[in-house]
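Colleague: Okay, handing you the structure first.
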Amino acid sequence: MFETISPDDLDEALLKAVRRHQGKAWSSNADVVSFRTRLLELQNFRCAYCQGLIDLDEVGHRELDHIFPKSATENCSEVKGQSNEFEERQHTFGYPQFTYEPLNIIVACKICNSYKKNFDPLLNRTVQLVGDDYPAANSILWFYPYVHHYSQHIERSDNWTYTQLSTQGEVVIKVCKLDQASVLASRFSARALIRAKQSENLRSAAMVMAADINDGLISRNHAIDALVLALEVNQEVAVEIVQLWLDYVTGGSVDAIAKFEELLMSVVGEESFDIDRAQASIENSLEAL
14 MFETISPDDL DEALLKAVRR HQGKAWSSNA DVVSFRTRLL ELQNFRCAYC QGLIDLDEVG
74 HRELDHIFPK SATENCSEVK GQSNEFEERQ HTFGYPQFTY EPLNIIVACK ICNSYKKNFD
134 PLLNRTVQLV GDDYPAANSI LWFYPYVHHY SQHIERSDNW TYTQLSTQGE VVIKVCKLDQ
194 ASVLASRFSA RALIRAKQSE NLRSAAMVMA ADINDGLISR NHAIDALVLA LEVNQEVAVE
254 IVQLWLDYVT GGSVDAIAKF EELLMSVVGE ESFDIDRAQA SIENSLEAL
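Yeah, the sequence shown ends on 302 if you go by our numbering, and it's all consecutive.
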């Protein structure tokens with residue numbers, strides 16, 4: 014799990030280098046890349062918001078999120094830009110003064126960042142924020158990982174359901190849609206698809222997901238949902254596949270492996286499965302959200 018980031022853990026020279034960066038090739042600048050890599054390490058390769066594992070330091074797996082959005086949204090009116098209503102917070106004048114402020118940057122998974130979009134977390138937007146002084150944590154309507162501790166704001170159960178413990182936690186859960194079961198299922202189906210692509214067969218995909226459950230990376234229910242959604246496996250079969258391999262990895266006998274293999278053969282008849290079809294299923298599901 015990821016709890017908090019102490020600014021003391023960040024190299025001062027690196028912070029200064031990022032702050033000095035003004036302009037071109039922001040995402041590929043060497044200092045920014047080094048900073049992102051360091052953040053991933055400090056976050057235990059977890060998304061700051063959903064705690065999902067970020068497998069690779071690559072586009073599509075992780076994104077740098079500006080906690081205070083750096084740019085104004087299109088056609089942002091004065092009324093919308095100064096409103097404290099939740100529904101209006103996607104309308105913002107932006108905070109360009111914090112574009113190169115490292116303590117305004119965190120690593121998030123692509124899905125959380127796509128839902129967060131331009132959410133403006135300034136607690137009181139009726140008063141314009143001027144100057145380069147970064148807002149205090151108590152004036153931020155958002156989980157601020159450089160001060161806050163995750164477990165004091167959001168509780169994540171073993172089955173990967175999320176409960177608000179503070180107003181900041183409530184907002185993160187709502188904005189990132191961590192309270193919507195269908196969205197959560199699709200997130201882990203997407204992760205399962207990545208794992209399936211790496212293993213290239215249903216057998217390995219099921220084994221890897223069972224290992225991930227055992228390691229606390231995904232929940233049992235989400236793994237089952239992933240098999241059903243991504244690989245079009247029958248619900249009852251998915252339950253049995255996951256449970257058999259879990260029985261084995263948690264100290265079961267070789268009988269569990271034999272039953273596991275027998276069940277897989279009855280489902281697919283061979284080791285390979287249609288990855289392209291699985292990918293299309295995932296993409297269609299995500300687009301529908």
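Don't be surprised by glycine CBs; every beta carbon is placed ideally from N, CA and C.
Please classify Asp287: is it buried, with 16 or more other beta-carbons within 10 angstroms of its beta-carbon, or exposed?
Modeller: For the purposes of this step, residue 287 is taken as residue 274 along the sequence shown, with counting starting at 1. At Asp287 the pLDDT is 48, less than 50, meaning the model places this residue with poor confidence; the figure from the coordinates comes in the next sentence. That one is exposed.
Colleague: Starting from Tyr175, trace the beta strand (DSSP E) both ways and give me its first and last residue.
Modeller: As a working mapping, residue 175 is identified with position 162 in the sequence shown. That run of the beta strand (DSSP E) goes 175–177.
Colleague: For Val252, I'd like the list of residues in its chain whose CB is within less than 6 Å of its CB, leaving aside the five on either flank, ordered along the chain.
Modeller: If you number the sequence shown from 1, residue 252 lands on position 239. Cβ within range, chain order: Ile237.
Colleague: Would you kindly check if the distance between the Cβ of Pro20 and the Cβ of Ile80 is under 8 Å?
Modeller: Taking the sequence shown and counting its residues from 1, the one referred to as residue 80 is at position 67. Taking the sequence shown and counting its residues from 1, the one referred to as residue 20 is at position 7. No.
Colleague: Roughly how many angstroms lie between the CA atoms of Leu299 and Ser199, to the nearest whole one?
Modeller: As a working note, residue 299 is residue 286 in the sequence shown. As a working note, residue 199 is residue 186 in the sequence shown. Confidence in Leu299 is poor, its pLDDT being 46 and thus under 50, which makes the residue's placement too unreliable to answer from.
Colleague: Mind pulling the alpha helix (DSSP H) runs of 4 or more residues that sit fully within the region 53–124?
Modeller: Fully enclosed alpha helix (DSSP H) runs of 4 or longer: 91–94.
Colleague: Excluding five sequence neighbours on each side, which residues of the same chain lie with their C-beta closer than 8 Å to the C-beta of His34?
Modeller: Within the sequence shown, residue 34 is the residue found at index 21, counting from 1. Same-chain partners within the cutoff: Asn42, Asp44, Val45, Tyr113.
Colleague: What is the rounded straight-line gap between the Cα of Gly162 and the Cα of Phe156?
Modeller: Here residue 162 refers to the residue found at position 149 of the sequence shown. Here residue 156 refers to the residue found at position 143 of the sequence shown. Per the sequence shown, residue 162 should be read as His rather than Gly. Spanning the two alpha carbons is a distance of roughly 8 Å.
Colleague: Which value, in whole angstroms, describes the spacing of the CA atoms of Gln181 and Met222?
Modeller: Your numbering for residue 181 matches position 168 in the sequence shown. Your numbering for residue 222 matches position 209 in the sequence shown. Using only the alpha carbons, I get a separation of about 32 Å.
Colleague: Between Gln110 and the rest of its own chain, which residues show a CB-CB distance below 6 Å, the 5 nearest in sequence each way excluded?
Modeller: By 1-based counting over the sequence shown, the position of residue 110 is 97. Closer than 6 Å at the Cβ level, and outside the excluded window around Gln110, lie Asp145.
Colleague: Tell me the DSSP secondary structure of Val169 in three-state form.
Modeller: Numbered from its first residue, the sequence shown carries residue 169 at position 156. Reading off the sequence shown, one finds Arg at residue 169, where the question assumed Val. Three-state DSSP puts Arg169 in a strand.
Colleague: In the DSSP assignment, what residue or residues form a beta bridge with Leu135?
Modeller: Looking up residue 135 in the sequence shown gives position 122. In DSSP, Leu135 forms a bridge with Ile153.
Colleague: Less than 8 Å separating the beta-carbons of Asp78 and Lys129?
Modeller: For the purposes of this step, residue 78 is taken as the residue at position 65 of the sequence shown. For the purposes of this step, residue 129 is taken as the residue at position 116 of the sequence shown. It is a contact, given that the beta carbons lie within the stated cut-off.
Colleague: Using the three-state DSSP reduction, which class does Leu259 fall into: helix, strand or coil?
Modeller: As a first step, residue 259 is located in the sequence shown; it is residue number 246 there, counting from the start. Helix.
Colleague: How would you label Gly65, buried or exposed, when you count the other beta carbons within 10 angstroms and need 16 or more for buried?
Modeller: For this step, residue 65 is matched to residue 52 along the sequence shown. Classification of Gly65: buried, given that the 10 Å Cβ count is 16 or more.
Colleague: Compare the C-alpha of Asp22 against each of Pro82, Gln95, Pro115, Tyr62 and name the closest.
Modeller: Position 9 of the sequence shown, counted from the first residue, corresponds to residue 22. Answer by Cα proximity: Pro115.
Colleague: For Asp24, which of helix, strand or coil comes out of DSSP?
Modeller: Taking the first residue of the sequence shown as position 1, residue 24 is located at position 11. Note: Asp24 maps to coil in three-state DSSP.
Colleague: For Met220, count neighbouring C-beta atoms within 10 Å of its own C-beta (all shown protein chains included) and say buried if the count is 16 or more, exposed if not.
Modeller: Reading the sequence shown from its first residue, position 207 is the one you call residue 220. So Met220 counts as buried.
Colleague: Along the chain, where does the alpha helix (DSSP H) that runs through Lys190 open and close?
Modeller: As a working mapping, residue 190 is identified with position 177 in the sequence shown. Counting along the chain, Lys190 falls outside any alpha helix (DSSP H), and DSSP gives it neither H nor E.
Colleague: Short of 6 Å in beta carbon distance, which residues of its chain neighbour Cys136, apart from the five on each side in sequence? Order them along the chain.
Modeller: Against the sequence shown, residue 136 aligns to sequence position 123. Before going further, note that residue 136 is Leu rather than Cys in the sequence given. Ser152, Leu154, listed in sequence order.
Colleague: Using a Cβ-Cβ cut-off of 6 Å (strictly less than) and excluding sequence neighbours within five positions of Leu302, which residues of its own chain qualify?
Modeller: Within the sequence shown, the letter at position 289 stands for residue 302. With a pLDDT of 47 at Leu302, under the threshold of 50, the modelled position of that residue is not reliable, and the figure given next carries that caveat. Closer than 6 Å at Cβ, skipping near neighbours: Val196.
Colleague: Let me make sure I understand the geometry here. Which of Gly94, Arg32, Pro82 has the alpha-carbon closest to that of Ser127?
Modeller: As a position in the sequence shown, residue 127 is number 114, starting the count at 1. Per the Cα distances, Pro82.
Colleague: Would you please state the rounded distance, in angstroms, between the beta carbons of Gln103 and Arg138? I believe it to be under 8 Å.
Modeller: Mapped onto the sequence shown, residue 103 falls at position 90. Mapped onto the sequence shown, residue 138 falls at position 125. No, Gln103 and Arg138 are not in contact; Cβ-Cβ is about 12 Å, not under 8 Å.
Colleague: Nearest to Arg32 by alpha carbon, out of Ile118, Ser279, Glu183?
Modeller: Within the sequence shown, numbered from 1, the residue matching residue 32 stands at position 19. Residue Ile118 is the option with its Cα nearest to Arg32.
Colleague: Who are the Cβ neighbours of Val246 in its own chain at under 6 Å, not counting the five residues just before and after it?
Modeller: Position 233 of the sequence shown, counting from 1, holds the residue named residue 246. Only Leu240 meet the Cβ criterion.
Colleague: Roughly how many angstroms separate the alpha carbons of Leu27 and Thr176, rounded to a whole number?
Modeller: The residue given as residue 27 occupies position 14 in the sequence shown. The residue given as residue 176 occupies position 163 in the sequence shown. Cα to Cα, Leu27 sits roughly 35 Å from Thr176.
Colleague: Short of 7 Å in beta carbon distance, which residues of its chain neighbour Val188, apart from the five on each side in sequence? Order them along the chain.
Modeller: Here the question's residue 188 lines up with position 175 in the sequence shown. If we look at Val188 and ignore the five residues flanking it on each side, its Cβ neighbours are Tyr128, Lys129, Phe132.
Colleague: Just to confirm my understanding: we take Arg59, look at its own chain, exclude 5 residues before and 5 after, and list those with CB closer than 8 Å. What are they?
Modeller: As a working note, residue 59 is residue 46 in the sequence shown. These residues qualify, in order along the chain: Met14, Phe15, Gly65, Leu66, Ile67.
Colleague: Closer than 8 Å by C-beta to Cys89: which residues in its own chain qualify, once you throw out the five before and the five after it? Chain order, please.
Modeller: Residue numbering aside, residue 89 sits at position 76 when the sequence shown is read from its first letter. The residues are His104, Thr105, Phe106.
Colleague: Between the alpha carbons of Gln193 and Ile186, how many angstroms are there, rounded?
Modeller: Here residue 193 refers to the residue found at position 180 of the sequence shown. Here residue 186 refers to the residue found at position 173 of the sequence shown. For Gln193 and Ile186, the distance between alpha carbons rounds to 9 Å.
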